[in-house]
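Step one of this worksheet: look at the structure below.
2 protein chains.
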Amino acid sequence: MSSLDALRTLLDPSAIVTDPEAMAPHLTDWRGKHRGEAFALLRPRSVEEVSAILRWASATRTPIVPQGGNTGLSGGATPDASGDAVVLSLTRLNRIRAIDIEGDTLTAEAGCILADIQQAAAANDRLFPLSLGSEGSCQIGGVVATNAGGINVIRYGTVRDLVLGLEYVRADGAVIHGLKPLRKDNAGYALQELVIGSEGTLAVVTAATFRLFPRPRVGATALCGLDSPSAALKLLSMLKQFAGERISSFELMCDGEMGLTLDFVPGTILPLERRHAWYVFIELGDGAPNSPIGEVLTETLASALEQDVLQDAAIAQSEAQARAIWHLRFAVAEANRRAGPIVSHNTSVAVADVPAFISAIEAMAAEHLPNARTLFVGHVGDGNIHVVLRLPKETPAEQLADIGHAVNAQVFAITRDFGGSITAEHGIGRNLTGTLTLHAQPEALALMRAVKQAFDPLGILNPGAVLAKR
Amino acid sequence: MSSLDALRTLLDPSAIVTDPEAMAPHLTDWRGKHRGEAFALLRPRSVEEVSAILRWASATRTPIVPQGGNTGLSGGATPDASGDAVVLSLTRLNRIRAIDIEGDTLTAEAGCILADIQQAAAANDRLFPLSLGSEGSCQIGGVVATNAGGINVIRYGTVRDLVLGLEYVRADGAVIHGLKPLRKDNAGYALQELVIGSEGTLAVVTAATFRLFPRPRVGATALCGLDSPSAALKLLSMLKQFAGERISSFELMCDGEMGLTLDFVPGTILPLERRHAWYVFIELGDGAPNSPIGEVLTETLASALEQDVLQDAAIAQSEAQARAIWHLRFAVAEANRRAGPIVSHNTSVAVADVPAFISAIEAMAAEHLPNARTLFVGHVGDGNIHVVLRLPKETPAEQLADIGHAVNAQVFAITRDFGGSITAEHGIGRNLTGTLTLHAQPEALALMRAVKQAFDPLGILNPGAVLAKR
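Going down the list, the protein sequences come from chains H and P. Counting along the first sequence from 1, when you hit position 458 you're at 458 in the working numbering, and nothing is skipped either side. Numbering-wise, the working numbering comes out as the position in the second sequence, counting from 1, plus 1000.
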């Protein structure tokens, strides 16, 4: 009996897919940067089936590659080329198990789409604040496994800050029943914190209990044109002074990236009279009714205009205008995908260091990649600026990998000089395992390996992700 | 050469204390519930000395009991009776290393007093939101090691939510340099999250980088008299509706506990006309100037009075009145300490379950401990209600332990029925290791033991805390 036959005795037939066409979308990431092989795609419908799969995988030493909406940017959900692994899709675990309005919590299974969770919270007059470009297709299990960030981190934190409890399956199939709606629980080690962000290498997340927040009853959205990143930081500081903790998003984009977005993504329009060197996207929100948040934004921007901190600003006068402004920001990933050969990064540095970091990257690029265009877009409010190097269209495909490696080494070295992170929110995946080995403190890396051994002694959970194979 | 002699070659003489009188305060907890022995008290002045101590401890297999302000409530910082251990006091590592106003971060060493950190933040027009009864003497390393909570968790979270980066020393003496002012960093496993709340059993915390927040420019404080815990939840719900995320604290206290506080702690005055069955303490704060937060509170309380949700309310008209109200809340620990024999708990349940949980505890106490008084005080806004059973004064001292065990078993069983936590914010320490063994899922406990093994293979770090000795 082949190992797959053994699995057939444990699972519903619909849970086992071997048809190459049906498997194909699961063997590559959405940017088409990674391709792998698997001898089956498993689509369990329940936690019990996930448990059965992991017991089987442990018994047969079968590598498991957990996969959610497959929107990751680091190759963490794509199997390697060997074909030894199975892809474990959590898509069919897609129930919202509970919403507690009084306690402001929501419990959802791994396969739930992020946008559906946002809507379920909104339907109950609450906010689920996680928001990112792929929210229409990424899944809750994936955002937990990668500790996703997005545009509201400045106010609400990353996924880690939103998770109260976690249900996950250990490598040996044991289900850890850690769902809980508790804001405080210090009963033993914070195992779930370790599982969050471990990219499917320590356990398979099957459900999570999240915090909900007061839904902003009043909001204000603006797009500003500025001369420089340091002007953006000045504006942030002014806004903090007057809007306090009401700043939900504060995003920065350079004009080169704005150009790509306007050129490559249909339906994008710049609501300013002319182009500027830099743009800031602002979202304020207030859970209290009758909040003068709109006036606060108008007055702060007027004052910033007067002081020459910004050059122009468009304040949304309707929901539709607000959506149009944010569409410009969210379209970036799509624009970059269509724009041709790029090398992109997901570094973060201290907020105050952002302008100097950008200058250092520009200087490096001017010296080493004179034909590339250096683009910046990201979450300046939390120091996480995506560096995007757009290579000339005529760059030979076979040179891309080498150029990428060379550029990455430079960008990561600069990041390290600033005491930053090589991967602020996209995780390590399979892309950056070598970089982690190079940049992490060896003693910390040894602890990570010891933790991996503690959770997954047989090494069947997403091998080759996060920690390089040895 | 004795092992202490070996240590003398590594440390400044002032770092090694063996005088019994000087050691005594470090061998018991502040409530006097735990007493232990140690063959030395070590008081390093630097991270390098901490590292040297741990290298020595590893070489000599000496158990290390890390200690901060020694204000813990679970016996986690008191050595056992064997005298085999040394107490490692972090008190002299007490520098604030950096404050970054633009990035809203503060980096402090383990021995810094919490109140000093609050003041340093305030002096820079920022808020460090952690606030708890022992803030005048507890130390930053201890609050990180125990993931402390306190009265502002409803808004700002526990210590875990405040820590951005951590410097800690491994059992073998290796210093993990994880201080960073980054809001986002997904480069590998979240080791620091595991160290937070591990009560000195996985590593010794030497410094942390914390988030700072906008300092409330407008605040409002009130004490309310109510009839029941469910009225308190109704009030919370009304307040959420109008004050949104501006609720910094929402605390509940029963009249029995209020009576103890008024009786036993000098300088406490009830600012209401008469006593009530229950009290709620409210603190609102707003980082934006000109916020109508005071009016919001007045109007919400007036509306609650009208709807008979509350019976009376005192709104502070000055800083001094606000401090007097909060003095009533903070004096509870002192009142309980002076009031005679008590058995206290630190459970949490879902917020909506608080009234039913209180009723269940009262019913249990009426049946099993008819002579005890059942008191409740705590953070109803986050579901963390301290159950305090006050035993008759004449209870023979030698019976206290047995009564305590019996009561605890009942309280924990009820907590488990509600899906709550046996220790919301006080940790496991040495008090609750048996309870953790009993109540934790065995597969989760096994993971905790594997993690302990990964971090501390020789078992020298605070042995007997968190995980029961086997």
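Even glycine gets a Cβ: it sits at the ideal position worked out from N, Cα and C.
Apart from the five residues just before and just after residue i, which ones in its own chain have a Cβ nearer than 7 Å to its Cβ?
i, result
"P/R1211", "D1104, T1105, L1162 and L1164"
"P/R1246", "L1284, G1285, D1286 and I1293"
"H/M364", "Q410 and I414"
"H/R337", "R31"
"P/K1469", "P1463"
Is the shortest distance between the beta-carbon of residue i and the beta-carbons of chain P less than 9 Å?
i, result
"H/H386", "no"
"H/H426", "yes"
"H/M238", "no"
"H/G244", "yes"
"H/L45", "The residue you asked about is not Leu; residue 45 of chain H is Arg in the sequence shown. With 9 Å as the cut-off, H/R45 does not count as an interface residue toward chain P."
"H/R61", "no"
"H/D286", "yes"
"H/H379", "yes"
"H/D402", "no"
"H/V143", "no"
"H/R153", "Checking the sequence shown, residue 153 of chain H turns out to be Val, not Arg. Chain P, which has a Cβ nearer than 9 Å to the Cβ of H/V153, makes this yes."
"H/R217", "yes"
"H/L301", "no"
"H/L432", "yes"
Can a CB atom of chain H be found closer than 9 Å to the CB of residue i?
i, result
"P/F1128", "no"
"P/L1191", "yes"
"P/D1493", "Because chain P here runs from 1001 to 1470, residue 1493 of chain P falls outside it and cannot be looked at."
"P/A1040", "no"
"P/M1448", "yes"
"P/I1361", "no"
"P/P1289", "yes"
"P/L1467", "yes"
"P/V1296", "yes"
"P/L1310", "no"
"P/L1461", "no"
"P/L1054", "no"
Anything in chain P within Cβ reach of residue i, meaning under 8 Å, just list it in chain order.
i, result
"H/H177", "Q1441"
"H/L233", "E1102"
Strictly below 7 Å CB to CB, what residues from chain H border residue i?
i, result
"P/N1147", "N186"
"P/T1423", "N186 and A187"
"P/D1382", "R183 and K184"
Output needed for residue i: all residues of its chain with C-beta closer than 6 Å, excluding positions within five of it in sequence on either side, in chain order.
i, result
"P/G1068", "L1090, Q1139, G1141 and G1142"
"P/L1436", "I1428"
"H/V218", "D286, S291 and I293"
"P/R1045", "R1092"
"H/T300", "M238, L239 and F242"
"P/T1060", "S1003"
Along chain H, which residues have their Cβ under 8 Å away from the Cβ of residue i?
i, result
"P/S1348", "L182, R183, K184 and D185"
"P/A1444", "I176, G178, G188 and L191"
"P/F1455", "L447 and A450"
"P/F1213", "E245"
"P/L1436", "A187 and G188"
Along chain P, which residues have their Cβ under 7 Å away from the Cβ of residue i?
i, result
"H/V205", "None at all; the shortest Cβ gap to chain P is about 14 Å."
List, in chain order, every chain H residue whose beta-carbon is nearer than 9 Å to that of residue i.
i, result
"P/S1420", "It should be noted that the sequence gives Gly, not Ser, for residue 1420 of chain P. Near P/G1420 (Cβ distances below 9 Å), the residues of chain H are K180, L182 and D185."
Counting only the same chain and skipping the five closest in sequence on each side, list residues whose C-beta sits under 8 Å from that of residue i.
i, result
"H/E102", "none"
"P/L1166", "V1144, I1176, G1178, L1179, Q1192, V1195, I1196, V1205, A1207, A1208 and T1209"
Could you work out which residues of chain P lie near residue i, taking near to mean beta carbons separated by less than 9 Å?
i, result
"H/I196", "A1190 and E1193"
Could you tell me which uninterrupted beta strand (DSSP E) segments, each at least 3 residues in length, are contained entirely in the stretch 1378-1402 of chain P, listed from first to last along the chain? 1384-1390
What residue ranges within the stretch 1131-1162 of chain P form continuous alpha helix (DSSP H) runs of no fewer than 4 residues, ordered along the chain? 1140-1145, 1153-1156 and 1159-1162
Ranges of the beta strand (DSSP E) found wholly within the stretch 1006-1072 of chain P, counting only runs of at least 3: 1040-1042 and 1064-1067
Name the residues in the stretch 1082-1106 of chain P whose C-beta lies less than 7 Å from a C-beta of chain H; which are they? D1100, E1102 and G1103
Taking beta-carbon pairs under 7 Å, can you tell me which members of the stretch 1324-1352 of chain P lie near chain H? S1348, A1350, V1351 and A1352
Relative to chain H, which residues along the stretch 1155-1172 of chain P have a C-beta separation below 8 Å, given in chain order? G1157, T1158, R1160, D1161 and R1170
If you scan the stretch 1149-1229 of chain P from start to end, which runs of the beta strand (DSSP E) of 3 or more residues do you find wholly inside it? Correct list: 1163-1169, 1175-1178, 1204-1211 and 1218-1226.
Beta strand (DSSP E) segments (min. 3 residues) lying fully within the stretch 1331-1363 of chain P: Inside the stretch 1331-1363 of chain P, DSSP marks whole beta strand (DSSP E) runs of 3 or more residues at positions 1342-1344, from first to last along the chain.
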